[in-house]
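Input: a single structure, listed below in structure tokens.
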Amino acid sequence: MINRQLLHPESIVVIGGSNNIHKPGGAIIRNLINGHYQGKLHVVNPKEDKVQGLDVFHQASEIPDTELAILVVAARFCPDYVEYLAREKNVKAFIIISAGFGEETKAGAELEKQILDSCERYGCALIGPNCIGLLNAWHHSVFTQPIPQLHPKGVDFISGSGATAVFILESAVIKGLPFHSVWSIGNGKQIGIEDVLQYMDEKFDAEKDSHVKLLYIENISNPDKLLFHASSLIRKGCRIAAIKAGSSESGSRAASSHTGAIASSDSAVEALFRKAGIVRCFSREELTTVGCIFSTLENTQNQSNMNMSKFAIVTHAGGPGVMLTDALSKGDLQVPKLDGEKAEELKSLLFPGASVSNPIDILATGTPEHLGLAIDYCEKYFDNIDAIMVIFGTPGLVNVYEAYDVLHQKILECKKPIFPILPSVHTAGQEVEDFLQKGHVNFSDEVTLATSLVRILKTPLPAPPEVELFGIDVPRIREIIGGIHENGYITPNKARELLSCAKIPLVPEMVSTSKDELVAFAEKIGYPIVAKVVGPIHKSDVGGVTLNIRTAEHLSLEFDRMMHIPDAKAVMIQKMMKGKEIFIGAKYEEKFGHVVMCGLGGIFIEVLKDVSSGLAPLSYAEAYSMIHSLRGYKILKGTRGQSGINIQRYAEVIVRLSTLLRFATEIKEIDINPLLADENDVIAVDVRILIEK
């Protein structure tokens, strides 16, 4: 629970506050005083009479009733303090800085439980334990530095790690990123990241609250809650970016399918963020750079700017402009050529040798006036430009203060977003700092800016909550699942029945232990056909797949051979089809549900591992986003004279499979590999389904 006493306490007591600012108890007092806390501030310390100019109480029993208590004492003392302060002093909120709880030992976990029980009993909010605290405009209840610049429209930052929060703040402060609040949730026994998002969602005021949320997550304890409130905030006009650490190690058992081999907890995180509309970042620099981009867009006069795709680069240094162009182009963003009458007019106003084709290079000798002219022409005359990137350091030839004053004015005036890249943070440190003090941010590295911008623009909007049910035979799905009584891989016939219920096209096939029956079916569907052994998990590895069978005699020989393969139970024959091999699979992840994956099929699925993931059930927009995010998308679309596949049908199959899984949670793995696709259709060739009830 998050209450007023936690966010806006009229009185605070620091248990363990001291004069030593190099320890948490002293540092937190320093930050509260320097942050100009306006309420009553009390300190409890049995060994001090004065702490940083404040009178000190030697025992908790001596303090008056207080709204918020900050505990900076050994873990073993915390449960008794919480119980006493809540019962006797009407404390309604606690921030426990102390470590040594459930993150370390079982005994520590028991102390944590006692604290939580007391807080629940007396209706108290609890941040921590094992955190750096909470910081907002009213009280700086953190023991760390730096203290970032605070602003009503700054970003809200929520972190599952105190130490990492400090490093992220360091990265943000040097960029000039303003903050609205900083939450370090520590062990999150009562208030976790999902709970903070819930509070921000339910209490959201578009006029007063921050529209940007940055998250550092180490554990997603409630994916549904995170999805619901993050999506809700984004639909209300907020922007959210997050790092999820600790996702690289697969949480799956030894896999017996392609899906199992590539699925991991990271796939589930990717799917969750895609569905919620959260921009995923992978480093502190990326997260704070994305935050600065969000802040820039929030402060631009024209805020309907998330459809940016065409950029002008204004620079006085050729190399950074080229690197920025390369990075944008790699992300499928455009740096369009500027030509025509207005381009020539701009060139005539610059020094000889300047280039205006884009990047606009005003030369190292270019003046602040030239910088302003280049920006004006991009703003007023070049309609094929959505946003402007300005690279301006110090070549030692111009007054940088004047140049940055021009940049400051243009940012205030222009409707197109302007992204300042000021790389000379050493040689022009004071000038950059002066620019930041005017409320701007700085992207000191052009490539990090470009890659972060690509991440933002390629992140889809939150998916609609509705399930696509058209053509899905839900009663029959449940009937088939209900008729399966053993765990494990189901028969090919049952697997095909389930796909048919979702209207997923299937290659004609038959499974049988009768040679004559298979030969008759082959004559009916027509040659050539493919034969596959039924039983062994990896058919190709045991010689259990034969392609291009064109006669009954050949089929008879292959049937006899395959039935002698160890573990062979039957033989399957299919009409042999042509097309690009693509893949769809899904795996059930605890807490998350079904993670659906797509990518190139056949052997490429394990070799290249070029897959994207989404969380079932999926919308058509999510399916298209998954397909477009594949590195091999250009192969699917068609390249170098080769025809592409029917992307619409591929997306439809992804959506239909995700809906099937929504009503068949007993399916723990499904592997459709390959699907054969051409410009007309997408057809499932091979499917394996693992059931666990």
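Each residue of the sequence shown is one higher than the one before, counting from 1 in my numbering.
For every residue, glycine included, the Cβ atom is placed at its ideal position computed from N, Cα and C.
With 16 other Cβ atoms within 10 Å as the buried cut-off, status of residue i
| i | result |
| --- | --- |
| S329 | exposed |
| F701 | The chain is shown from 1 up to 693; residue 701 falls before or after that span and cannot be answered. |
| V607 | exposed |
| H426 | exposed |
| R253 | A caution first: R253 carries a pLDDT of 38, below 50, which makes its placement in the model too unreliable to give a value. |
| F351 | exposed |
| R496 | buried |
| D224 | exposed |
| P9 | buried |
| L412 | exposed |
| Q409 | exposed |
| N45 | buried |
| A75 | buried |
| F419 | buried |
| G321 | buried |
| S18 | buried |
| H211 | buried |
| L547 | exposed |
| T105 | exposed |
| R656 | buried |
| R87 | exposed |
| D541 | exposed |
Continuous alpha helix (DSSP H) stretch holding residue i: start and end
| i | result |
| --- | --- |
| Y81 | C78 to E88 |
| K532 | Segment I529 to V534 is the beta strand (DSSP E) holding K532; no alpha helix (DSSP H) there. |
| K342 | E341 to L349 |
| L135 | L135 -> not in any alpha helix (DSSP H); beta strand (DSSP E) instead, spanning G133 to N136. |
| D205 | Neither: D205 is in no alpha helix (DSSP H) and is coded neither H nor E. |
| L371 | P368 to K380 |
| K524 | K515 to I525 |
| K40 | That residue, K40, is in no alpha helix (DSSP H); its beta strand (DSSP E) goes K40 to V44. |
| E558 | A552 to M562 |
| N724 | Outside the shown range of the chain (1 to 693) lies residue 724, about which nothing can therefore be said. |
| S619 | Segment: none, S619 is in no alpha helix (DSSP H) and carries neither H nor E. |
| H180 | Unbroken run through H180 is the beta strand (DSSP E), F179 to S184; no alpha helix (DSSP H). |
Between the CA atoms of residue j and residue i - distance to the nearest angstrom
| i | j | result |
| --- | --- | --- |
| G393 | Q642 | 46 Å |
| S256 | R30 | Residue confidence for S256 is low, a pLDDT of 42 falling below 50, so the modelled location carries little weight and cannot support an answer. |
| G188 | A241 | 20 Å |
| N377 | L407 | The question names Asn, yet the displayed sequence has Tyr at residue 377. Rounded to whole angstroms, Y377 to L407 spans 14 Å at the Cα level. |
| D671 | D686 | 8 Å |
| K153 | D205 | 12 Å |
| I185 | P464 | 30 Å |
| A317 | T365 | 10 Å |
| P462 | D383 | 30 Å |
| P146 | T659 | 48 Å |
| C131 | N3 | 19 Å |
| T288 | Q59 | 42 Å |
| E110 | T296 | 46 Å |
| I243 | D209 | 22 Å |
| V467 | V400 | 56 Å |
| E345 | E402 | 24 Å |
| S250 | V611 | Legend: pLDDT at S250 = 43, less than 50; position of this residue unreliable, no value from coordinates given. |
| G162 | A664 | 41 Å |
| F435 | I391 | 14 Å |
| Q5 | W138 | 11 Å |
| E692 | K668 | 6 Å |
| E194 | V290 | 21 Å |
| G632 | I683 | 19 Å |
Residue range of the beta strand (DSSP E) that includes residue i
| i | result |
| --- | --- |
| D434 | Segment G429 to Q437 is the alpha helix (DSSP H) holding D434; no beta strand (DSSP E) there. |
| F583 | K580 to E589 |
| N680 | Taken as a continuous stretch (DSSP letters only), N680 belongs to no beta strand (DSSP E), as it is neither H nor E. |
| G53 | Unbroken run through G53: none, as it is neither H nor E. |
| T665 | Note, T665: premise wrong, no beta strand (DSSP E); not H, not E. |
| L68 | L68 to L71 |
Counterpart residues of residue i in DSSP-defined beta bridges
| i | result |
| --- | --- |
| F419 | M389 |
| A570 | V534 |
| H140 | L135 |
| G599 | F583 and V611 |
| S355 | D361 |
| L694 | Within the shown structure, residues of the chain are numbered from 1 to 693, placing residue 694 beyond reach of any answer. |
message: For the region 266–276 against the region 589–600, do three or more pairs of beta-carbon atoms, one drawn from each stretch, fall closer than 8 Å, so that the two count as touching?
response: yes
task: Taking 8 Å as the threshold, find out whether the region 62–75 comes into contact with the region 7–27 through three or more Cβ pairs.
output: yes
- request: Determine, using beta-carbon pairs with one atom in the region 675–691 and one in the region 561–581, whether at least three such pairs fall under 8 Å.
  value: yes
query: Are the region 125–139 and the region 95–109 in contact at 8 Å, needing three or more beta carbon pairs?
result: yes
- request: Count the C-beta pairs between the region 635–651 and the region 443–460 that are closer than 8 Å, then say yes if the count reaches three, no if not.
  value: no
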